[in-house]
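Notes for the one structure printed next.
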């Protein structure tokens, strides 16, 4: 039992390390059943919903799992103090728009976040601007604006450490929450 707690503490500590350096982890025992989707790891164990990449959005919308469900954008982060969607991230918006067009009754909430640099009011405004940028990009791709709500999480609920450049980059993000099918 102590060995198990020690390993759990070690894994927790390693999950808090800078993401820029790979960490070798012993392979887990083979599962008894194959998972239906890959869940993105998040160091914030207090989250009520496991974060899933947007590539699983279509399967979720076509399924019967309970609402709401939070999805991460797999490749959509923002530059420091910016809310512009980078050209490298446009394909992610295209993929989500295509999926939302296939499920015309689905409604979503886009939550924008910031890293811990800047004041709370500035980070709340920046989070909202990032959420609105994603909404505007989806609307430009043909998604009805009435299906998309936007909110800001500011610097709350980080998914990585704010002590490193890589961690701050991961925290400058948006999340998509399905609120209705």
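In full-length UniProt numbering, the protein residues as written are 1 to 181.
Glycine is no exception: its CB is placed at the ideal position from the N, C-alpha and C atoms.
Skipping 5 residues on each side, what residues in its chain have a beta carbon closer than 6 Å to that of residue i?
i           : result
residue 161 : 167
residue 85  : 133 and 137
Run through DSSP, which three-state label would residue i get?
i           : result
residue 176 : strand
residue 155 : coil
residue 162 : coil
residue 81  : coil
residue 87  : helix
Leaving out five residues before and five after residue i in sequence, what residues of the same chain have Cβ atoms less than 8 Å from its Cβ?
i           : result
residue 128 : 112, 150, 151 and 152
For residue i, is the classification buried or exposed, using 16 other Cβ atoms within 10 angstroms of its Cβ as the cut-off for buried?
i           : result
residue 119 : exposed
residue 82  : exposed
residue 67  : exposed
Tell me which residue opens and which closes the alpha helix (DSSP H) that residue i is part of.
i           : result
residue 54  : Here residue 54 belongs to no alpha helix (DSSP H), and DSSP marks it neither H nor E.
residue 130 : 120 to 140
residue 93  : 90 to 102
Excluding the five sequence neighbours on either side, which residues of its own chain have a C-beta within less than 7 Å of the C-beta of residue i, listed in chain order?
i          : result
residue 97 : 138, 141, 142 and 143
What is the residue span of the beta strand (DSSP E) that residue i lies within?
i          : result
residue 64 : Where residue 64 is concerned, there is no enclosing beta strand (DSSP E), given that its DSSP letter is neither H nor E.
Validate contact between the stretch 110 to 124 and the stretch 171 to 181 using beta carbons, cut 8 Å, 3 pairs
yes
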